[in-house]
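Enquirer:
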Amino acid sequence: MAATKNKPIGLQALEDLSYRLKRAKCPNVPYLIRTTYRDDNSNDLTRCVIDWINFNNYQAERINSTGRQINIKGQNKWITGSSTRGTADISATIKGRSVKIEIKCKATGDRYQSEDQKQYQSMIERAGGVYIIVRDFQSFYDWYLNFVTDGR
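If you count by numbering that gives the first Met the number 0, then the sequence shown holds residues 0 to 151, one letter each, in order.
1) Where does leucine 44 land, buried or exposed, given buried means 16+ other C-beta within 10 angstroms?
2) Could you tell me the distance, in whole angstroms, from the CA atom of asparagine 56 to the CA atom of glutamine 74?
3) Do you know offhand how far serine 41's Cα is from isoleucine 71's?
4) Using three-state DSSP, classify glutamine 74 as helix, strand or coil.
5) Where does the unbroken beta strand (DSSP E) through valine 98 begin, and where does it stop?
6) Give me the residue from Phe136, Phe146, Asp149 with the minimum Cα distance to aspartate 39.
7) Just tell me which of Thr34, Leu20, Cys104, Asn63 has its CA closest to the CA of phenylalanine 54.
8) Residues bridged to alanine 59 by DSSP?
9) Name the residue from Ser138, Ala106, Phe139, Ile100 whose alpha carbon lies nearest to the alpha carbon of glycine 128.
10) Which class does glutamine 120 belong to by DSSP, given the choice of helix, strand or coil?
11) Between tyrosine 130 and the rest of its own chain, which residues show a CB-CB distance below 6 Å, the 5 nearest in sequence each way excluded?
12) Which value, in whole angstroms, describes the spacing of the CA atoms of arginine 134 and alanine 59?
13) Any idea if glutamine 116 is buried or exposed, counting beta-carbon neighbours within 10 angstroms, 16 or more meaning buried?
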């Protein structure tokens with residue numbers, strides 16, 4: 000499958016898979032709108048990764064690790080979230096393996112893990128899980144194809 004319109008092969012594969020699944024779900028609809036994907040910001044890249052995993056009959060979900068603001072006696076206070084500090088952005092199960100995915104979007108210059116994220120990565124890997132950092136969809140796509148065939 001070649002890239003079209005300067006779109007990387009991975010993103011094109013995601014769009015094609017999305018369309019095929021839509022077509023299978025709605026075979027009698029004459030004109031289906033193709034979903035377009037992009038990976039030039041963290042939210043869109045996260046959506047690409049989650050959709051790809053779920054479309055391929057595995058499981059992935061976004062982890063919301065932010066806290067919230069509440070008003071106590073007229074003052075706004077920040078309450079931290081209940082998730083583990085440094086938790087990855089996506090939790091997935093692929094081929095029966097726990098995979099944690101941290102999104103560090105290359106296009107937005109998000110490059111470095113915090114110390115909490117490094118400790119979380121170490122904890123996941125010690126427990127036998129897989130931890131990856133995704134900077135663009137093409138690198139994730141390449142990793143995924145290798146992982147589902149080799150299991151590494």
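The beta-carbon is built from N, C-alpha and C at its ideal position, and this holds for glycine as well.
Expert: This is what the structure holds:
1) buried
2) 46 Å
3) 33 Å
4) Glutamine 74 falls in the strand class under three-state DSSP.
5) For valine 98, the enclosing beta strand (DSSP E) stretches over residues 96–102.
6) Phe136
7) Leu20
8) DSSP output for alanine 59 lists Ala91 as bridge partner(s).
9) Ile100
10) helix
11) Lys99, Gln120, Ile123, Glu124
12) 17 Å
13) The C-beta of glutamine 116 has 16 or more other C-beta atoms within 10 Å across all chains shown, which makes the residue buried.
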